[in-house]
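S.K.: Its first residue numbered 0, the sequence shown is counted upward by one per residue in numbering that gives the first Met the number 0.
This is the structure, below, for whatever I ask next.
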Amino acid sequence: MALTTLYVELLSFACLLAAIHGVNGRAVNQFPEDFLLGAATASYQIEGAWNEDGKGENIWDHMLHEHPEYGNNGENGDVACDSYHKYAEDVQALKDLGAKVYRFSISWSRILPTGDLDVINQAGIDYYNNLINLLLENGIEPMVTMYHWDLPQALQYLGGWPNPILADYFLEYARVLFDNFGDRVKWWLTFNEPYTFTRGYASSGSQAPSQNAPGIGDYLAAHTVIRAHGMVYRLYDEQYRPTQNGKISITLNCDWFEPYNDLEETLEAQERMFQFQLGLYANPIYVDGDYPAVVRERVDNNSRAEGRPRSRLPSFTEEEKRMINGSADFFGLNSYTTMLVISAALGHSPSMDLDCGVLRIINFTWPSSSAIWLKVVPWGFRNIVNWVSSRYPNYPIFIAENGYADTGELDDEGRISYYGQYLAELLKAINEDGANVIGYTAWSLLDNFEWNSGYSQKFGIYQVDFDSTERTRTPKASTSFLANIYRNMSVPEEYFQ
Ligand code: GOI
């Protein structure tokens, strides 16, 4: 063989290697060895038993009982998947899926029916102890969300999250969780998607508690939530980490925002959208203890123009900034889709929409799901993971939610295609772009109560028969598809072509 030929051969061999292997020498379709793959749920969406064994009323119970018209055909979470009684079947489903981690949430009012320490409901503690112990017996790590939107109604009577005292109540609740479960739970998330649930103080008819105070109540709620998160992180760090040695963070939601065109003002709008949705929370926690400059400036200016004596966006004290800055062990991210963004003066005055000044557009030419907001845009997932990885470096990322909605069929080709493509893009971000991602919990283990959409939108890897009192769980086609990925720790190569 001529030397030149050998050289060409070597060169093409090297190219082939580069195609198969990413930046870190692992095949691009392979997850890192210690990567945690699993599934997620939330208390109100699956447990049911809304008033059993001493559980107190929460804001979703309250809102949907008072206002069934805010739900889908009057549906609510009174029974849901009945996981309060059927948790052993959920654990079996996780085991069959080959999940290494189960992300679930604890219902605050099942543990503390009044939200305070005057009543501690032992039946509630027993329920979560049974679940946690069964998970561990089956080799599945519990990841606990402390708050997935189900505030004790008793605390809403105090005004809910806009009332700063809620941070103190949340701290005491967290202490009860660490005391009772922290010996076995090593993964904690304080809040799920504060951007989403603080909408409950901005408008009525969708998110509980349905309080109409746009541009004021939502910022006040966010402020309390960020303080509460920081306080709980410091509590864990100082009093529990030395003996319990777990990890604690928050999970924030952000989809990819694709600029509608390449005008400078559109690129600025894209940046603003990221900062008003993600930066509002991530900047204080992961950057410098304070709100992003663009958010501070725009809300302050608008507040002044409205003739107010103070900004609608509160300020942290220097002590609070120090407490909040760096209050996370990793970056929890929920992401589902991509939207187009363009600069626009929209929304009523006052409102966060008007402060932000960005129109989000659903691109109806992209492949759809059964949820109008959820378009299947796998490349956007790679983009948002890389955006988070570069803007908030030094923090490993845990994808706490990602999933697809359909109408519940067992032969769920759409879900298979979604997970195949999205996980392939996630692997490209990890293995080709160098993002440090440590885990992924698919939303959701089960078809469940999808908030305002009730039982009409199905996100489950397992089907649940809501017409049967048994709430029978049945694997879908996607169950074995994901089980293969979870077992092999790799995504089939066809999703990389
Ligand atoms: C998670 O939230 C959540 O943690 C889980 O509990 C949940 O089960 C899972 O997702 C699945 O949903 C038409 C701007 C009406 C404002 C079109 C742009 C309303 C409002 C399109 C775009 C749709 C995931 C409701 C995050 C709430 C669904 C946040 C996704 C809001 C719309 C919009 C629209 C818009 N969102 N959620 N929405």
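Using N, Cα and C, we set each Cβ at its ideal position, and we do this for glycine too.
Do residue 322 and residue 229 have their C-beta atoms closer together than 8 Å?
M.R.: To locate residue 322, count along the sequence shown from 1; it is residue 323. To locate residue 229, count along the sequence shown from 1; it is residue 230. Contact: yes.
S.K.: Can you tell me which of the three DSSP states residue 190 falls into?
M.R.: By one-based count along the sequence shown, residue 190 stands at place 191. Residue 190 falls in the strand class under three-state DSSP.
S.K.: Helix, strand or coil for residue 257 per DSSP?
M.R.: As a position in the sequence shown, residue 257 is number 258, starting the count at 1. Strand at residue 257.
S.K.: Which residue wins for smallest C-alpha separation from residue 354, given the options 122, 279, 458, 374?
M.R.: If you number the sequence shown from 1, residue 354 lands on position 355. With distances taken between Cα atoms, residue 354 lies closest to 279.
S.K.: Using alpha carbons as the reference points, say which of 209, 70, 193, 203 lies closest to residue 218.
M.R.: Against the sequence shown, residue 218 aligns to sequence position 219. It is 193.
S.K.: Check this for me: beta carbons of residue 200 and residue 216, under 8 Å apart or not?
M.R.: Within the sequence shown, numbered from 1, the residue matching residue 200 stands at position 201. Within the sequence shown, numbered from 1, the residue matching residue 216 stands at position 217. Result yes, Cβ atoms of residue 200 and residue 216 sit closer than 8 Å.
S.K.: Considering only their Cβ atoms, is the gap separating residue 482 from residue 97 smaller than 8 Å?
M.R.: Taking the first residue of the sequence shown as 1, we reach residue 97 at position 98. Taking the first residue of the sequence shown as 1, we reach residue 482 at position 483. Yes; because the gap between Cβ atoms is below 8 Å, this pair is in contact.
S.K.: On the premise that residue 59 lies in contact with residue 115, defined as a C-beta separation below 8 Å, what is that separation, rounded to the nearest angstrom?
M.R.: For the purposes of this step, residue 115 is taken as the residue at position 116 of the sequence shown. For the purposes of this step, residue 59 is taken as the residue at position 60 of the sequence shown. About 19 Å separates the two Cβ atoms, so there is no contact after all.
S.K.: On a CA-only basis, which of 239, 117, 133, 256 is nearest residue 357? Give me that one, please.
M.R.: What you label residue 357 is simply residue 358 of the sequence shown in a count that begins at 1. For the residues 239, 117, 133, 256, the minimum Cα distance to residue 357 belongs to 256.
S.K.: Can you look up residue 196 in the DSSP assignment and give me helix, strand or coil?
M.R.: Along the sequence shown, one-based indexing puts residue 196 at 197. Of the three classes helix, strand and coil, the one that applies to residue 196 here is helix, per DSSP.
S.K.: Rounded to whole angstroms, what's the CA-CA distance from residue 339 to residue 360? Just pull it up for me.
M.R.: As a working note, residue 339 is residue 340 in the sequence shown. As a working note, residue 360 is residue 361 in the sequence shown. Approximately 5 Å, taken between the alpha carbons.
S.K.: Decide if residue 487 is buried, meaning its Cβ has at least 16 other Cβ atoms within 10 Å, or exposed.
M.R.: One-based indexing of the sequence shown puts residue 487 at position 488. Classification for residue 487: exposed.
S.K.: What are the partner residues of residue 36, as DSSP defines its beta bridges?
M.R.: Here residue 36 corresponds to residue number 37 of the sequence shown, with the count starting at 1. Note: residue 36 sits in a beta bridge opposite 439.
S.K.: Residue 448 and residue 396: beta carbons closer than 8 Å?
M.R.: Taking the first residue of the sequence shown as position 1, residue 448 is located at position 449. Taking the first residue of the sequence shown as position 1, residue 396 is located at position 397. Result no, Cβ atoms of residue 448 and residue 396 do not sit closer than 8 Å.
S.K.: DSSP on residue 103, reduced to helix/strand/coil?
M.R.: Here residue 103 is taken as the residue at index 104 of the sequence shown, counted from 1. Strand.
S.K.: Once you ignore the five residues that flank residue 367 on each side, which residues in its own chain have a CB closer than 8 Å to its CB?
M.R.: By one-based count along the sequence shown, residue 367 stands at place 368. Excluding residues within five positions, the ones whose Cβ falls inside 8 Å are 373, 374, 375.
S.K.: Return the CA-CA distance between residue 33 and residue 89, expressed in angstroms with no decimal places.
M.R.: Counted from its first residue, the sequence shown places residue 33 at position 34. Counted from its first residue, the sequence shown places residue 89 at position 90. Residue 33 and residue 89: Cα-Cα distance of roughly 24 Å.
S.K.: My output table needs one value for residue 483: the three-state DSSP class, helix, strand or coil.
M.R.: Stepping through the sequence shown from its first residue, residue 483 is reached at position 484. The answer is helix: DSSP assigns residue 483 an H, G or I state.
S.K.: For residue 363, count neighbouring Cβ atoms within 10 angstroms of its own Cβ and tell me buried if that reaches 16, exposed if not.
M.R.: Translated into positions along the sequence shown, residue 363 becomes position 364. Answer is exposed; the Cβ neighbour count stays below 16.
S.K.: Any idea if residue 349 is buried or exposed, counting beta-carbon neighbours within 10 angstroms, 16 or more meaning buried?
M.R.: Numbered from 1 along the sequence shown, position 350 holds the residue referred to as residue 349. Residue 349 comes out buried.
S.K.: Return the chain-ordered ranges of every alpha helix (DSSP H) run that is complete within the region 114–158 and spans a minimum of 4 residues.
M.R.: If we require 4 residues or more, the alpha helix (DSSP H) runs fully inside the region 114–158 come out as 121–136, 152–155.
S.K.: What are the start and end residues of each continuous alpha helix (DSSP H) run of 4 or more residues lying completely inside the region 215–240, in chain order?
M.R.: Here the runs fully enclosed are 216–234.
S.K.: With distances taken from CA atoms, which of 400, 380, 404, 406 is nearest residue 428?
M.R.: Taking the first residue of the sequence shown as position 1, residue 428 is located at position 429. The option with the nearest alpha carbon to residue 428 is 380.
S.K.: Output the boundary residues of the beta strand (DSSP E) element that contains residue 427.
M.R.: As a working mapping, residue 427 is identified with position 428 in the sequence shown. From DSSP, residue 427 is part of no beta strand (DSSP E) but of the alpha helix (DSSP H) over 412–430.
S.K.: Starting from residue 332, follow its DSSP beta bridges and name the residues at the other end.
M.R.: Translated into the one-based positions of the sequence shown, residue 332 becomes position 333. Partner(s): 251, 398.
S.K.: I'd like the span of the alpha helix (DSSP H) that includes residue 265, first residue to last.
M.R.: For the purposes of this step, residue 265 is taken as the residue at position 266 of the sequence shown. First-last of the alpha helix (DSSP H) with residue 265: 263–273.
S.K.: Around the Cβ of residue 151, are there at least 16 other Cβ atoms within 10 angstroms (buried) or fewer (exposed)?
M.R.: Locating residue 151 in the sequence shown gives position 152, where the first residue counts as 1. Flag for residue 151 reads buried.
S.K.: Taking 7 Å as the cut-off, is the C-beta of residue 252 nearer than that to any heavy atom in the ligand GOI?
M.R.: In the sequence shown, the residue the question calls residue 252 occupies position 253. Yes - the ligand GOI has a heavy atom lying nearer than 7 Å to the Cβ of residue 252.
S.K.: Using 7 Å as the cut-off, classify the Cβ of residue 101 as near or not near the heavy atoms of the ligand GOI, replying yes or no.
M.R.: To locate residue 101, count along the sequence shown from 1; it is residue 102. It does not: the Cβ of residue 101 is nowhere closer than 7 Å to a heavy atom of the ligand GOI.
S.K.: Between 398, 490, 435, 473, which has its C-alpha nearest residue 38's C-alpha?
M.R.: Along the sequence shown, read from residue 1 onward, the residue named residue 38 stands at position 39. That would be 398, whose Cα lies nearest to the Cα of residue 38.
S.K.: Is residue 458 near the ligand GOI, going by C-beta to nearest heavy atom under 7 Å?
M.R.: Reading the sequence shown from its first residue, position 459 is the one you call residue 458. Residue 458 Cβ: within cutoff of the ligand GOI.
S.K.: Under 7 Å from any heavy atom of the ligand GOI, does the C-beta of residue 372 make it?
M.R.: Locating residue 372 in the sequence shown gives position 373, where the first residue counts as 1. Result yes, Cβ under 7 Å from the ligand GOI.
S.K.: Output yes or no for whether 8 Å exceeds the beta carbon distance between residue 418 and residue 458.
M.R.: Residue 418 sits at position 419 when you count from the first residue of the sequence shown. Residue 458 sits at position 459 when you count from the first residue of the sequence shown. No.
S.K.: Got a sec? Which residues, its chain only, sit under 7 Å from residue 49 by beta carbon, not counting five neighbours each side?
M.R.: By 1-based counting over the sequence shown, the position of residue 49 is 50. So the list reads 60, 76, 77, once near-sequence residues are dropped.
S.K.: When the Cα atoms are used, what is the spatial distance from residue 289 to residue 277?
M.R.: Position 290 of the sequence shown, counted from the first residue, corresponds to residue 289. Position 278 of the sequence shown, counted from the first residue, corresponds to residue 277. Straight-line Cα distance between these residues: approximately 13 Å.
S.K.: Quick test of your reading: residue 249 and residue 184, contact by CB under 8 Å. State the CB separation rounded to the nearest angstrom.
M.R.: Working through the sequence shown from its first residue, we reach residue 249 at position 250. Working through the sequence shown from its first residue, we reach residue 184 at position 185. Actually they are not in contact, since the Cβ atoms of residue 249 and residue 184 sit about 16 Å apart, beyond 8 Å.
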